[in-house]
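Residue numbers for the sequence shown follow my numbering, beginning at 1430 and rising by one.
To start, the structure itself, in structure tokens.
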Amino acid sequence: SEIVFYSNRGPDGTYCIYIMGNDGSNVRELHCEAGYASTAPKWSPRGNKIAFTKGEKDNPSTSEIYIINSDGTGLTRLTNNSYEDSGPAWSPSGDRIVFRSNRDGNYEIYVMNADGTGQTRLTHDPAVDTWPSWAP
């Protein structure tokens, strides 16, 4: 019944996370932080949490994976390193999140538990591996 999206309608063109009704009504800001870009939001299968990418507005290589409750509470950082972690996607059961990272010098696919533990590299290829998603 709701759509989550990101837009640069925040202060000074900041990318922020928004929720709206499926008819475009009732647009509300879920998360916005000046100086940071919040992008790539994905609903959890139960619809109670949203995973997204957040990084310094002028330095996307700093992005990390966060989750937040659908009411805007409980912001939690799941990854924490000096490389880009981005593009989260929930597993169908909601217990894991797949994402891309260049922490090993090249974009590879990683998976972690929904609480950020157990981060594991899945691909090992010199080509860029990016934007993973789960089969239902």
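Yeah, the Cβ is synthetic: ideal placement off N, Cα and C, and Gly gets one too.
(1) Identify whether glycine 1453 lies in helix, strand or coil by the three-state DSSP scheme.
(2) Are the region 1516–1535 and the region 1450–1464 touching, with three or more C-beta to C-beta distances below 8 Å?
(3) Apply the 10 Å Cβ neighbour rule to threonine 1546 and answer buried if 16 or more other Cβ atoms are within range, or exposed otherwise.
(4) Just to check my reading of the structure: isoleucine 1432 and asparagine 1451 have Cβ atoms closer than 8 Å, yes? What is that Cβ distance to the nearest angstrom?
(5) Using the C-alpha atoms, what's the distance from asparagine 1455 back to aspartate 1500?
(6) Going by the CB atoms, is the gap between alanine 1518 and serine 1473 shorter than 7 Å?
According to the structure shown:
(1) coil
(2) no
(3) exposed
(4) 6 Å
(5) 14 Å
(6) no
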